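Read in order, the letters of the sequence shown are residues 265 to 628 in this note's numbering.
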Amino acid sequence: MNFVRIAQNIYFDPKFEGKYDLLRYNTGIFIRRDKIVTFLACRIDKTEHGVKHQLVQMPLEDLCEGEVVIRVHYSGVNYKDALGATGRGQILKQFPLNGGIDLAGVVETSVDARFQPGDEVLVNGCGLGESHDGGLAEMARVPADWVIPVPHGLTMKECMVLGTAGFTAGLAIHRMQENNQSIDKGPIVVTGASGGVGSIAVDMLSQLGYEVVALSGRREFDEYLSELGASKVCSPESLELGKRPLEKGLFGGVIDNVGGELLAQLIAHTNLWGNVASIGLASGHRLDTTVFPFILRGVSVLGVSSTNCPMPLRRAIWNKMGDSLKPKHLDKILTETVALKDVSSVFDALLDRQKHGRIVIDCR
Ligand SMILES: NC(=O)c1ccc[n+]([C@@H]2O[C@H](COP(=O)([O-])OP(=O)(O)OC[C@H]3O[C@@H](n4cnc5c(N)ncnc54)[C@H](OP(=O)(O)O)[C@@H]3O)[C@@H](O)[C@H]2O)c1
265 MNFVRIAQNI YFDPKFEGKY DLLRYNTGIF IRRDKIVTFL ACRIDKTEHG
315 VKHQLVQMPL EDLCEGEVVI RVHYSGVNYK DALGATGRGQ ILKQFPLNGG
365 IDLAGVVETS VDARFQPGDE VLVNGCGLGE SHDGGLAEMA RVPADWVIPV
415 PHGLTMKECM VLGTAGFTAG LAIHRMQENN QSIDKGPIVV TGASGGVGSI
465 AVDMLSQLGY EVVALSGRRE FDEYLSELGA SKVCSPESLE LGKRPLEKGL
515 FGGVIDNVGG ELLAQLIAHT NLWGNVASIG LASGHRLDTT VFPFILRGVS
565 VLGVSSTNCP MPLRRAIWNK MGDSLKPKHL DKILTETVAL KDVSSVFDAL
615 LDRQKHGRIV IDCR
């Protein structure tokens, strides 16, 4: 066999060169070279120099298996996407893989009767961009069970302004409300407030009537966060939080994106029966606390995991985000729209805290 490998599953038999111009799949099927459709993708691979991403042209046949082929219109860049693409965090479970934990687009083909060509859909989490080719590409192919119709009240682009960041903020608020986070318990603190999850959480909470204290390490976004609905915007340091196991109750609850010492301090300052939603680790993954806030104040720490949220709840949260949880200021929260070919420019800047709000990737 003298086949020349063109792509993962596609081989060209040189004896046909100039004659039939045929390509041979390793399945034995021949197709004409000019019928091979390739598309642009941000592909991440493990090299001898570490994990790297690259923009490549690839054929549909190389994508992970799935029943639904989607022409991606928009994706986004979350903290996790940036960690994965740069190798600054171990996010991907297999290589090579297209990055992107979110996508919104139009069904191209489906062998599952629930979806028809032309349907507007979205996918987030479920392993997309971690163990399955993701949304930072012009095309994606995914299991039908992961696909969610674009909710009423949202456009495909708005879905990606929200993306996993918005979904996670919505999920955190849902969990807090399920655990009786009433407005009278006091203000909700949002940490890492100028980021994607933080900005959307501030907007959603203020619309629901909660008083919001937005904590940001960057003073240049005070006005931005006030416009999103925060009643108070300040730095964590200016709150002069204590370090004792139990401190004066100041807050009704917390949505935390940064982890570490700040999270421990906020738990100690949470009022009776308040909820602390733990989302992120932008400043650290350790949590050094005591049991006192839990056993003496009934404080709950709620875990929020967007990746493996059960599908019925995932659909319900997306539908709510097109309705009662829809942020009022998506136009302000969307700070950049970047073409897929330029996505590389975003990753390091986001991790180095040089971005705010949400970045949408235009994959069309
Ligand atoms: N659990 C889940 O399912 C889930 C889902 C989505 C995201 N996350 C996590 O949630 C966090 C936020 O994600 P995102 O997409 O919103 O990221 P993002 O847009 O980059 O926002 C992160 C924010 O955290 C603050 N921050 C960054 N570096 C920091 C540092 N070294 N120390 C203290 N604060 C720092 C910054 O806010 P200020 O400058 O305003 O302080 C930054 O804007 C990340 O840790 C991410 O991994 C978890």
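For every residue, glycine included, the Cβ atom is placed at its ideal position computed from N, Cα and C. Keep in mind that this is a model prediction, so the values were computed, not measured.
The C-beta distance from methionine 403 to leucine 327 rounds to 7 Å, short enough to fall under 8 Å. Boundaries of the alpha helix (DSSP H) around asparagine 583: 575–585. In the three-state scheme derived from DSSP, where H, G and I count as helix and E and B as strand, isoleucine 543 is classed as coil. Residue burial annotation: arginine 622 is buried, with at least 16 other C-beta atoms found within 10 angstroms of its C-beta.
Assignment of beta-bridge partners to cysteine 627 by DSSP yields no partner. Taking a C-beta distance under 8 Å as the contact criterion, leucine 614 and tyrosine 338 do not qualify as a contact pair. Look at histidine 620: its beta carbon is less than 7 Å from one of the heavy atoms in ligand 1. Pairing valine 477 with tryptophan 582, the inter-Cα distance amounts to about 25 Å. Distance from the C-beta of tyrosine 343 to the nearest heavy atom of ligand 1 is below 7 Å. Residue pairing from DSSP places glutamate 600 in a beta bridge opposite Ile623. Rounded to whole angstroms, the separation of the alpha carbons of arginine 508 and threonine 553 is 9 Å. Beta-bridge partners of phenylalanine 303 (DSSP): Met322.
Per DSSP, reduced to three states, the secondary structure at leucine 566 is strand. Inclusion of arginine 617 in the 7 Å shell around ligand 1 follows from its C-beta lying nearer than that to a non-hydrogen atom of the ligand. Taking 8 Å as the cut-off, the beta carbon of glycine 524 is found closer than this to the beta carbon of glycine 548. Using a C-beta cut-off of 8 Å, the stretch 414–424 makes no contact with the stretch 448–460, since fewer than three inter-stretch Cβ pairs fall below that distance. Look at the beta carbons and you see the stretch 395–409 touching the stretch 356–365: at least three pairs across the two are nearer than 8 Å.
Nearest to aspartate 587 by C-alpha distance, out of Gly517, Thr419, Pro576, Leu598, is Thr419. As for any beta strand (DSSP E) of minimum length 3 sitting wholly inside the stretch 467–539, the runs are 476–479, 496–498, 515–520, ordered along the chain. Within the stretch 376–408, the complete beta strand (DSSP E) segments at least 3 residues long are 384–388, 403–406, listed from N- to C-terminus. For tyrosine 338, the beta-bridge partners assigned by DSSP are Ala368, Asp626. By the Cβ rule, the stretch 560–579 counts as touching the stretch 529–537, because three or more pairs are nearer than 8 Å. Here histidine 416 is exposed. Its C-beta has fewer than 16 other C-beta atoms within 10 Å.
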